[in-house]
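Numbering (our numbering), first residue to last: 6 to 195. This report refers to the structure that appears directly beneath it.
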């Protein structure tokens, strides 16, 4: 099962509002019976990168910044993908039969293991609710909305006031026509 590594907030931990809100969300999640992860880094990113490395073993893995004229090797998932650190997640363990079923399915059809994007050993819990605490709006808030939608069943952007909530809702409204994000909501926690 995915378990939290302690409390290492992804950002904004110096704000009183953020610290209070994080504690409140942690307590609510635990009381409801969830495993609380803070921050929540979706394990599928590392697993996907490792799968790519296996499949493309002979291919060079590097990136080029043409402006800086710099070549950088990609040696870890965070070099290949933009690492997603969701502020807080409420995780629910799944029955042990699910990863066992997927393992058996992959044994029967090995192609699924190489090309499906499913990783049986990661199916130990599911992120039921993911939270991004947004004390301002901007590029980070937009990325946070996308992460909430992709990695949680229900994503909630939490803001401290109506002004910031309005700006985050505007970003959400911008993304929804093309990217969906129907499972993401904005809430004010003062």
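Just so it is clear, CB atoms sit at the ideal spot from N, CA and C, and this is done for glycine as well. Since the structure is predicted, the reported quantities are computational estimates derived from the model, not experimental observations.
C-beta contact flag for residue i and residue j at 7 Å
i, j, result
"residue 149", "residue 137", "yes"
"residue 97", "residue 133", "yes"
"residue 93", "residue 43", "yes"
"residue 141", "residue 186", "no"
"residue 188", "residue 91", "no"
The ligand SAH heavy atom lying under 6 Å from the CB of residue i
i, result
"residue 35", "Among the components modelled here there is no ligand, and therefore nothing to report on the ligand SAH."
Simplified DSSP state of residue i, which is helix, strand or coil
i, result
"residue 189", "strand"
"residue 22", "helix"
"residue 32", "helix"
"residue 15", "With a pLDDT of only 46 at residue 15, under 50, the local geometry of the prediction cannot be trusted, and no value is derived from it."
"residue 94", "strand"
"residue 78", "strand"
"residue 6", "The predicted model places residue 6 with a pLDDT of 41, which falls under 50 and marks its position as unreliable; any figure quoted below should be read in that light. Residue 6 falls in the coil class under three-state DSSP."
"residue 179", "helix"
"residue 137", "strand"
"residue 157", "coil"
"residue 194", "coil"
"residue 37", "coil"
DSSP beta-bridge partners of residue i
i, result
"residue 169", "Note: residue 169 sits in no beta bridge, so no partner."
"residue 126", "Note: residue 126 sits in no beta bridge, so no partner."
"residue 70", "75"
"residue 45", "91"
"residue 108", "Per DSSP, none; premise fails for residue 108."
"residue 162", "137 and 191"
Residue environment, residue i, which counts as buried when at least 16 other CB atoms sit within 10 Å
i, result
"residue 36", "exposed"
"residue 27", "buried"
"residue 77", "exposed"
"residue 34", "buried"
"residue 135", "buried"
> Is there contact here, the region 147-161 with the region 51-59, by at least three beta-carbon pairs under 8 Å?
Replying inline: By the Cβ rule, the region 147-161 does not count as touching the region 51-59, because fewer than three pairs are nearer than 8 Å.
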